[in-house]
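If you read the sequence shown in the working numbering, its first letter stands for residue 74, the second for the next number, and so on.
For each residue, glycine too, the CB sits at the ideal point set by N, CA and C.
No experiment lies behind these values; they were computed from the predicted model shown.
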Amino acid sequence: MRQIVTTANGGVGVLKVQEAPDPTPAKGEVVVNVKAAGLNFADILARQGLYPDGPKKPCVMGYEVAGVVAAAADDVDRELIGKAVVAMTRFRGQAEKVAVAANQLFAKPELLGFEAAAAIPVNYLTAYALLKVMGSLDAGESVLIHNAGGGVGLAAIEIAKKIGATTYGTASPGKHEFLRERGLDHAIDYRNQDWLPVLKQLTDGRGVDLVIDPIGGSHWKKSYAALRHTGRLGMFGVSAASANGLRGKLKLIKAAAQMPRFHPIGLLNKNRGVFGLNLGHLWHEPEKVATWMQAILAGVSEGWVRPYVDKAFSFAQAGEAHSYLEARKNIGKVVLVP
Ligand SMILES: NC(=O)c1ccc[n+]([C@@H]2O[C@H](COP(=O)([O-])OP(=O)(O)OC[C@H]3O[C@@H](n4cnc5c(N)ncnc54)[C@H](OP(=O)(O)O)[C@@H]3O)[C@@H](O)[C@H]2O)c1
74 MRQIVTTANG GVGVLKVQEA PDPTPAKGEV VVNVKAAGLN FADILARQGL YPDGPKKPCV
134 MGYEVAGVVA AAADDVDREL IGKAVVAMTR FRGQAEKVAV AANQLFAKPE LLGFEAAAAI
194 PVNYLTAYAL LKVMGSLDAG ESVLIHNAGG GVGLAAIEIA KKIGATTYGT ASPGKHEFLR
254 ERGLDHAIDY RNQDWLPVLK QLTDGRGVDL VIDPIGGSHW KKSYAALRHT GRLGMFGVSA
314 ASANGLRGKL KLIKAAAQMP RFHPIGLLNK NRGVFGLNLG HLWHEPEKVA TWMQAILAGV
374 SEGWVRPYVD KAFSFAQAGE AHSYLEARKN IGKVVLVP
C-alpha cells in the first residue's frame, strides 16, 4: 500500500509517498481501506518539528479516515467487513490502509460522501468538547470563535448555533462572506485590526461568555480579557508558533514565554474559568469520545452538522495540501485522497 511519510522535520519537501506492507488487524482491530483522510494543523506542526505529541520521524500522520472495512481480527464482529465507516486513528491514517481499534470506528452517515465524513472526527469532536462539554455553552450566551474559517471554527459555528448562542468569529477578511452564509453572526477581521476593541464595541463593553483560542502565547491573555463575568476561556492550540526550521523553534519558545499564568484569586474575583483541551490525550476515554461522536453523527441526519470540505488533494499532492493550510488559503477542511 502507499502512504504519506513525513521523512524528517522540515518544509513540504520532506513529505514522500512511499510503499509499505499492508497492515493486518491486531486483537480488537479492523483494517480500513481508506477513501479519504483528514489533514489537520497538527500534521503541519508535526512536519515542522513543533508538535510534541507527534510520532518519531519517519512517520505517517493522520488522525482520521473514512473508508470501507477490509478485514477484522478474530475477536471483532465479522459483520463489519464491507461496511463504510469513519474512524479516529492514532496516526498512520494518511495511507491506503490503516489498522484501527474497533472502538474508534463509527458507521459513515449515508448522507455524506467519504471526503465529507473524513472531515468530521477531529474538527467536530474538538469543537464539541470545547463548546458543549468543557465550555458549557448555553442558549442565549455568546461565544468568540478564533480562526472561525478553519476546520474547527466552522464546526464550532454549527454547534454554537444548535445550542442557541450568539457567535463572534475572527478570520481573514476574505472568509467573512462565506462565514456569514454558514451562520456566523459577527465576523471580525483580526488580520488588519486589533480584534479586542471591536469585540468590546459589539458587546457593549461586556465581552463574551466563552472564547475558544487555538493561537496560544500572549493571545490567550488577550482572549481572557475578552470574557464577561462567568466567562470561560478554552485553550487548545499554538498556531502562533507555525513556521519552518529555527524560526518555528524560536516562535514556539516566544509563545511559551508569553503564555499567561492564571491566579486562583484573580479567577475567583473575576468569576472566570480557564481550561485546556487536547483531543490527542483522550485515547484512554473511548466511551466518552464515542458519546460525543454519536451526538455529532446524529446531527448529520438532523441537518445541523454539515461538514465542509474546501479541497481534496491526492496523496501525491500532500505538499501542496500542507502549503495550502500554511498559507491560510483554506476555509474549512482539507482532505487527502489516495
Ligand atoms: N487541542 C486539540 O485537541 C486540537 C484539535 C484540533 C485542532 N487544534 C488546533 O486548532 C487550530 C486549528 O486547527 P485546524 O486543523 O482546524 O486547522 P485550520 O483551522 O484549518 O487552520 C488553518 C487556519 O488557521 C488560521 N491561522 C491562524 N494562525 C495561523 C498561522 N500562524 N498559520 C496558518 N494559519 C493560521 C488561518 O485562518 P485565517 O485566514 O482566518 O487566519 C488558517 O486558515 C490549530 O492550532 C490546531 O493545532 C487543536
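- In this model, Lys-406 and Met-207 are separated by some 23 Å (Cα to Cα).
- Spatial neighbours of Ser-396 in its own chain (CB-CB distance under 7 Å, excluding positions within 5 residues in sequence) are listed in chain order as Val-85.
- Using a 10 angstroms sphere on the CB of Thr-97, the tally of other CB atoms stays under 16, which defines it as exposed.
- Non-local C-beta neighbours of Pro-359 in its own chain, meaning closer than 8 Å and more than five positions away in sequence, comprise Ala-174, Asn-176 and Gln-177, ordered along the chain.
- By the C-beta criterion, the stretch 239–251 is judged to be in contact with the stretch 214–221, since at least 3 inter-stretch pairs fall below 8 Å.
- Per DSSP, reduced to three states, the secondary structure at Gly-208 is coil, with no helix or strand assignment.
- The Cβ neighbour count for Pro-131, taken over all protein chains shown within 10 Å, is under 16; the residue is labelled exposed.
- Gly-405 is bridged by DSSP to Gly-223.
- For Ala-385, the enclosing beta strand (DSSP E) has its first and last residue at 382–387.
- By the CB criterion at 8 Å, Lys-170 and Val-107 fall inside the cutoff.
- A Cβ-Cβ distance of about 7 Å is found for the pair Phe-309 and Ile-285, placing them in contact under the 8 Å criterion.
- Boundaries of the alpha helix (DSSP H) around Tyr-297: 292–298.
- Excluding residues up to 5 positions away in sequence, Tyr-241 and His-259 lie with their Cβ nearer than 7 Å to the Cβ of Leu-275 in the same chain.
- Shown here, Asn-106 sits in a strand according to DSSP, grouped into three states.
- A Cβ-Cβ distance of about 5 Å is found for the pair Glu-137 and Val-195, placing them in contact under the 8 Å criterion.
- One Cα belongs to Leu-341, the other to Val-225, and the distance between them is close to 30 Å.
- The stretch 279–293 and the stretch 305–324 touch, with no fewer than 3 CB-CB distances between them shorter than 8 Å.
- Of the other Cβ atoms in all chains shown, fewer than 16 fall within 10 Å of the Cβ of Glu-152; this residue is therefore exposed.
- Under the three-state reduction of DSSP output, Gln-331 falls in the coil class, being neither helix nor strand.
- Annotation for Val-225 indicates a beta carbon within 7 Å of some heavy atom of ligand 1.
- Residue range 281–286 is occupied by the beta strand (DSSP E) that includes Val-284.
- In terms of side-chain proximity, the C-beta atom of Arg-264 is found nearer than 7 Å to a non-hydrogen atom of ligand 1.
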